[in-house]
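Engineer: Residue numbers for the sequence shown follow my numbering, so the first one is 299 and each next one is one higher. We put the beta carbon where it would ideally sit given N, CA and C, even for glycine.
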Amino acid sequence: MHTTKAVSATLMLAGIPMLFPALLPLLRRKYDRRRFLIAGSAVLHLIATVYAVSVYISDAAPETQPLGNLLFLLSFLIGLSGGVMLLAAVFCEPDGQIRFRNRTTPIPVPMLACTVLPVLLASTAQQLFPTIHLIEYGFSLSVFLASTCLRYEASTQMIHKEEVLELRQAKLLTEQIQPHFIFNVLMSIQNLCYQDADAAADCIAQFAGYLRGNMTALTADSLIPFETELEHIRQYVALEHACTDQPFTLDYQLDVTDFEIPALTVQPIVENAIKHGALSRRDGSGQAVLKTERIGQFVRITVTDNGTGSANLTERQKSHQSIGLNNVENRLAVQCGGSMTVSLSENGAKAVILIPEKEASSLADNYR
């Protein structure tokens with residue numbers, strides 16, 4: 299075997315190990331269109347490289363081998379398809395949407411450079427050394443760098459999500475610990491101390507549990523059982539009954555409870571339904587309903603009330619309510635891929651939370 303052919307074959311073989319990291323997404327359950335495109339590109343390039351190496355090892359021109367020209371053309375088309383898939387991965391979002399459909403989407407310059415430059419450099423070098431095949435090695439390097447860019451991007455996004463989550467948790471705590479509500483609870487406990495010591499002790503226990511739930515939400519970095527959130531809701535309702543003389547009811551229609559949610563997502567919704575919905579009925583007929591059910595691949599949580607909607611809310615109350623609901627909606631999306639919709643009418647308000655079943659039944663997996 300000539301020296302140049304030996305060098306070419308060695309470079310081709312040296313590029314094969316760089317393809318293996320790009321094949322790892324094929325072994326994972328987490329779906330990412332870009333990673334699968336790169337993995338497919340690696341598979342096609344691996345096939346083309348193996349054929350090219352076999353030609354060099356056999357020390358024969360492709361056209362002299364059985365079906366040589368056909369195999370050479372097929373190998374070329376396979377390699378070209380791999381290049382197209384690699385470029386498609388660059389201009390593709392994780393959910394499969396094409397980049398630049400929205401003009402505000404930034405150009406993926408680093409990943410594009412990592413994909414194109416190795417092939418261009420290899421092509422230029424091959425012009426200087428025409429007897430040595432460098433394109434295969436350059437393409438292997440492109441696949442390796444593209445998969446590395448995706449891993450770096452994923453880790454950066456995870457760090458950013460964690461930072462955003464911490465900020466939202468801190469904001470959530472400041473929203474939940476309302477001085478006016480705490481003052482009313484403490485005054486109610488004081489009055490109960492003079493009237494019914496046992497009731498006062500029970501109210502203190504409920505208040506302690508309520509505050510503990512709020513504090514726990516600040517440090518919660520994973521989903522919690524719905525039963526834990528439900529207990530927090532019951533504690534809030536007990537305190538609200540102790541603080542107001544106006545009767546109201548909360549009806550529990552729980553068809554499913556064996557799922558997990560981000561901390562303090564349902565409780566603020568129930569609190570809004572009671573404060574701005576049920577308690578707006580001055581005749582004592584105020585009612586809120588908490589309902590859970592499985593709908594296909596989702597767990598649906600519905601909170602309704604028979605209040606007056608937003609008709610009697612001040613602008614400040616509307617603003618505070620909107621901020622709180624947006625916070626809940628954002629945390630649902632970040633922590634478990636859930637969503638929330640809120641509708642208002644003259645007959646009350648309705649909030650619907652949808653949580654994917656795969657996330658509701660277990661802790662959300664980190665993006666790897």
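Rounded to a whole number of angstroms, what is the C-alpha to C-alpha distance between residue 481 and residue 544?
Structural biologist: If I take the Cα positions, the gap works out to 18 Å.
Engineer: Identify every residue that forms a DSSP beta bridge with residue 406.
Structural biologist: Looking at the DSSP assignment, residue 406 forms no beta bridge with any residue, so it has no partner.
Engineer: Measuring only the C-alpha atoms, how far is residue 347 from residue 432?
Structural biologist: Each residue's Cα considered, the two are about 11 Å apart.
Engineer: Looking only at DSSP bridge pairs, what is residue 423 linked to?
Structural biologist: Residue 423 is not bridged to any residue.
Engineer: When you compare only the Cα positions, how much space is there between residue 337 and residue 416?
Structural biologist: Roughly 18 Å between the two C-alpha positions.
Engineer: Could you tell me the boundaries of the alpha helix (DSSP H) in which residue 554 lies?
Structural biologist: Here residue 554 belongs to no alpha helix (DSSP H), and DSSP marks it neither H nor E.
Engineer: Using a threshold of 7 Å, state whether the C-beta atoms of residue 435 and residue 317 are closer than that.
Structural biologist: Their beta carbons are not under 7 Å apart, which means residue 435 does not touch residue 317 by this criterion.
Engineer: Let me check understanding here. Comparing Cα to Cα, which of 564, 573 and 511 lies closest to residue 478?
Structural biologist: Nearest of 564, 573 and 511 to residue 478, Cα basis: 573.
Engineer: Going straight from the alpha carbon of residue 377 to that of residue 341, what length do you get?
Structural biologist: The alpha-carbon atoms of residue 377 and residue 341 are separated by roughly 10 Å.
Engineer: According to the Cβ coordinates, are residue 596 and residue 557 closer than 7 Å?
Structural biologist: Contact flag unset, no.
Engineer: Can you give me the Cβ contacts of residue 614 inside the same chain, cut-off strictly under 8 Å, excluding the 5 residues immediately before and after it?
Structural biologist: With a pLDDT of 47 at residue 614, under the threshold of 50, the modelled position of that residue is not reliable, and the figure given next carries that caveat. Cβ within range, chain order: n/a, list empty.
Engineer: Determine contact between the region 572-592 and the region 623-637, defined as no fewer than three beta-carbon pairs at a distance below 8 Å.
Structural biologist: With the cut-off at 8 Å, the region 572-592 and the region 623-637 do not touch.
Engineer: Got a sec? Which residues, its chain only, sit under 8 Å from residue 592 by beta carbon, not counting five neighbours each side?
Structural biologist: So the qualifying residues of the chain are 553, 554, 598 and 655.
Engineer: Using a Cβ-Cβ cut-off of 7 Å (strictly less than) and excluding sequence neighbours within five positions of residue 498, which residues of its own chain qualify?
Structural biologist: These residues qualify, in order along the chain: 487, 490 and 491.
Engineer: Report all residues from its chain with a CB closer than 7 Å to the CB of residue 662; omit the five preceding and five following residues, and keep chain order.
Structural biologist: Reliability fails at residue 662, whose pLDDT of 40 lies under 50, so the model's placement of it is uncertain and no value is given.
Engineer: What residues match up with residue 642 in a beta bridge as DSSP calls it?
Structural biologist: Beta-bridge pairing links residue 642 to 647.
Engineer: Bridge partners for residue 584 per DSSP, in chain order?
Structural biologist: In the DSSP output, where bridge partners are listed per residue, residue 584 has 546.
Engineer: To the nearest angstrom, how far is the alpha carbon of residue 412 from that of residue 322?
Structural biologist: Roughly 19 Å between the two C-alpha positions.
Engineer: Go to residue 526, then tell me how far its alpha helix (DSSP H) extends in each direction, as first and last residue.
Structural biologist: Per DSSP, residue 526 belongs to the alpha helix (DSSP H) from 524-541.
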